[in-house]
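Everything below concerns the one structure shown next.
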Amino acid sequence: MATTTLAPGLTFLWAPILLISISSAACASSILGTYPAIFVFGDSLSDTGNGVLSGSSSALRTTQFPYGETFPGFPAWRYSDGRVQVDLLASHLGLPFLNPYLNSSADFRGGVNYAVAGATALNVSLLHSLGVNTSSDLSLDVQISWHLDAQARAESSDGNIAAFTEGLYVIQIGGDDYTHSYCAKYSPSFVISTLMPLVIQKIRNAVETLLSSGAKNFLFISITPVGCSAAMLTNVDGNRDAYGCLEELNYASYLHGVRIQEEMASLRVLYPDVSFLYMDLFGAYDYIFKHKEMFGFSEDLKACCGAGDEYPYNYNSDDVCNVESVSVCSSPSEYILWDGVHFTDSFNLQIFNQTFITGSFIDTSHAFQ
Numbered sequence: 001m002a003t004t005t006l007a008p009g010l011t012f013l014w015a016p017i018l019l020i021s022i023s024s025a026a027c028a029s030s031i032l033g034t035y036p037a038i039f040v041f042g043d044s045l046s047d048t049g050n051g052v053l054s055g056s057s058s059a060l061r062t063t064q065f066p067y068g069e070t071f072p073g074f075p076a077w078r079y080s081d082g083r084v085q086v087d088l089l090a091s092h093l094g095l096p097f098l099n100p101y102l103n104s105s106a107d108f109r110g111g112v113n114y115a116v117a118g119a120t121a122l123n124v125s126l127l128h129s130l131g132v133n134t135s136s137d138l139s140l141d142v143q144i145s146w147h148l149d150a151q152a153r154a155e156s157s158d159g160n161i162a163a164f165t166e167g168l169y170v171i172q173i174g175g176d177d178y179t180h181s182y183c184a185k186y187s188p189s190f191v192i193s194t195l196m197p198l199v200i201q202k203i204r205n206a207v208e209t210l211l212s213s214g215a216k217n218f219l220f221i222s223i224t225p226v227g228c229s230a231a232m233l234t235n236v237d238g239n240r241d242a243y244g245c246l247e248e249l250n251y252a253s254y255l256h257g258v259r260i261q262e263e264m265a266s267l268r269v270l271y272p273d274v275s276f277l278y279m280d281l282f283g284a285y286d287y288i289f290k291h292k293e294m295f296g297f298s299e300d301l302k303a304c305c306g307a308g309d310e311y312p313y314n315y316n317s318d319d320v321c322n323v324e325s326v327s328v329c330s331s332p333s334e335y336i337l338w339d340g341v342h343f344t345d346s347f348n349l350q351i352f353n354q355t356f357i358t359g360s361f362i363d364t365s366h367a368f369q
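Residues in the sequence shown are numbered from 1 upward in steps of one, following UniProt numbering.
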C-alpha cells in the first residue's frame, strides 16, 4: 500500500477506516501505481468526513449507526452503510482510503478528499439570490482553494510535488445544485436552460485552474438519475416513467452528463497532453436499475433506512436515516438506496464493477484495467 506523504509534519489522528484495505475483484495489479495520489472534489456521494468536520448538523448522522454497518462495521463518516465510489477507486489503484481535507492532523497519504456533503458547483450566494436553500457553503470554488493551499504548502516544504502533477483529479459535483433547485420549486426546464450552463462553466473554470497548477489527469463522474431518488419522488411533482421515476428530472441529469462530455471533448483538443476520462454514472445506474434482479436487488426506489412504511419510499425529509430510525432493512445488499438519497455499499460496488472493472460506461474504455 502506498504511503506517499503530500505535506510533511502532519500526523494521522483519526479515520480507522482509512487503513483498511478491501478485498474484491477490483484489485487489478496491472494498474497499481498508475497514479501516486487522488484528489477528489464533490458532494456527499464522495464525502469521507468533511461534512462532519465542517460542523454540519445533517452530517452528524454519519457518525452513528446504522451508517457503516456493512463496511467497516462502524460509522465512518460516509453517507452509506459502507463504501463510496472513491473508496473503491482508491483501493483499486493501490492507495489508502482518502482522508478528508478538514482533518488537518491527518497524514494525507495517497491524496486528499475535498468533497463535502451538500456542496454545490455554484457559489451559494448565487443560489441563495434565487431563493434556493443549500446545506453547505463549501462549494466547488472553496474546495479548489483548499487544494491550491495544500499544494502551496507542499511546494514550500519537502512534500511530494509529483503527487500533484501526476495524481488523478476526480470531479463529481452538480447534483445538489439541481436537487436544491427542484425543492425550491424550480422546473427542470429552468434548471436545463439557466442553471446547467452556469454549473458546467463553473466546473470548466475549476479544471482550468487545476490545469494551471500542473494537474494532468482528470476523471469526470456524471450525476445520478436524481428522479429515481426517494427524496425527489417524495418532494417533487412530475410525470413518472414506467419505472416510477420522475422523467423530466432524469432527463436533466442525463443532459448534465452530455454537457460534461462536450466540455471534455473541447478540453482534449486544447490540452492534448492531458488525460481526460469520463465515468457515466448515469448510464451505469440506469442499466443496473433496469436489470436490478440480475444484480441481486429487490428494492429500487425504497430506502433501506428511513422513517417507516407509513411514508412513501420509507423516506421523510424531516426524519432521515439516523440512529433512532424506526425502519432499517435487514438486507441492505438487496437495496439500491440506503437513506433515500445515497446508496448502499452493495450498489456502489456494482456501479464500480460495471464501470471501472468492466470498462463499460467509461471514456476512455478500459482506462482503469
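The beta carbon of each residue, even a glycine, is placed where N, CA and C say it ideally should be.
Asked                                                                                                                                                               : Found
Quick one: what does DSSP say Ala-154 is sitting in, helix, strand or coil?                                                                                         : helix
By Cβ distance below 8 Å, which residues in the same chain neighbour Thr-134 in space, the five residues on each side in sequence not counted?                      : Gly-118, Thr-120, Val-124, Leu-127, His-128, Asp-176 and His-180
Going by the beta-carbon positions, is the gap between Ser-80 and Asn-316 smaller than 8 Å?                                                                         : no
Jot down the residue ranges of each uninterrupted beta strand (DSSP E) in the stretch 238 to 265, minimum 3 residues, whole runs only, in chain order.              : none
With 16 other CB atoms within 10 Å as the buried threshold, where does Gly-110 fall?                                                                                : buried
Tell me whether the beta-carbon of Cys-228 lies closer than 8 Å to the beta-carbon of Phe-289.                                                                      : yes
Would Thr-364 pass as a contact of Leu-277 if the rule is Cβ separation under 8 Å?                                                                                  : yes
Since Val-52 contacts Trp-77 with CB under 8 Å, what's their CB separation in whole angstroms?                                                                      : 5 Å
Taking one C-beta from the stretch 217 to 237 and one from the stretch 270 to 284 each time, how about it: are there three or more such pairs within less than 8 Å? : yes
Since Lys-202 is in the beta strand (DSSP E), which residue starts that stretch and which ends it?                                                                  : Not the beta strand (DSSP E): Lys-202 falls in the alpha helix (DSSP H), residues 196 to 212.
Between Asn-113, Val-274, Asp-237 and Val-328, which has its C-alpha nearest Thr-48's C-alpha?                                                                      : Asn-113
Would you decide whether Ile-362 is buried or exposed? Buried here means 16 or more other CB atoms lie within 10 Å of its CB.                                       : buried
Taking a contact to mean a Cβ-Cβ separation below 8 Å, would you say Ala-184 touches Val-132 in this structure?                                                     : yes
Less than 8 Å between the C-beta atoms of Gly-306 and Ser-325, yes or no?                                                                                           : yes
Unbroken alpha helix (DSSP H) runs of length 4 or more, entirely within the stretch 47 to 78: which are they?                                                       : 50 to 53
In three-state terms, what does DSSP make of Gly-359?                                                                                                               : coil
How should Met-294 be labelled, buried or exposed, when 16 other C-beta atoms within 10 angstroms of its C-beta is the threshold for buried?                        : exposed
Exposed or buried, which one is His-74 when buried takes at least 16 other CB atoms within 10 Å?                                                                    : Inspection of the sequence shows that residue 74 is occupied by Phe rather than by His. Its Cβ having fewer than 16 others within 10 Å, Phe-74 is exposed.
Taking all protein chains shown into account, decide if Gly-42 is buried (16 or more other Cβ within 10 angstroms of its Cβ) or exposed.                            : buried
Alpha carbon to alpha carbon, how far is Pro-100 from Gly-257?                                                                                                      : 26 Å
Check Gly-175 in the structure and name its three-state DSSP category.                                                                                              : helix
Between which residues of its own chain and Tyr-254 is the CB-CB distance below 7 Å, once the five residues before and five after are set aside?                    : Phe-282
So, for Thr-209: in the same chain, excluding its five sequence neighbours on each side, which residues have a beta-carbon less than 7 Å away from its beta-carbon? : Ile-144
Just how far apart, CA to CA, sit Asp-149 and Ala-230?                                                                                                              : 38 Å
Decide if Arg-240 is buried, meaning its Cβ has at least 16 other Cβ atoms within 10 Å, or exposed.                                                                 : exposed
Closer than 7 Å to a non-hydrogen atom of the ligand MG - does that hold for the CB of Leu-88?                                                                      : Ligands in the displayed structure: none, and consequently the ligand MG is not present.
Would you say Tyr-335 and Thr-234 are within 8 Å of each other, going by their C-beta atoms?                                                                        : no
Let me check one thing: in DSSP terms, what residues is Gly-42 bridge-paired to?                                                                                    : Gln-172
Once the 5 residues before and after Tyr-287 are set aside, which same chain residues still bring their CB inside 7 Å of it?                                        : Gln-354
Spell out the partners DSSP gives Cys-305 in its beta bridges.                                                                                                      : Val-328
Would you please state the rounded distance, in angstroms, between the beta carbons of Ala-252 and Tyr-178? I believe it to be under 8 Å.                           : 6 Å
Which class does Phe-347 belong to by DSSP, given the choice of helix, strand or coil?                                                                              : helix
Go through the stretch 103 to 151 residue by residue and report every complete run of the beta strand (DSSP E) that reaches 3 residues or more, in order.           : 111 to 113
Would you mind sorting Arg-83 into buried or exposed? The rule is 16 or more other CB atoms within 10 Å of its CB.                                                  : buried
Using only alpha-carbon positions, find the residue among Asp-237, Thr-194, Gln-172 and Ile-192 that is nearest to Val-206.                                         : The identity of residue 206 in the sequence shown is Ala, whereas the question assumes Val. Closest option to Ala-206, Cα to Cα, is Gln-172.
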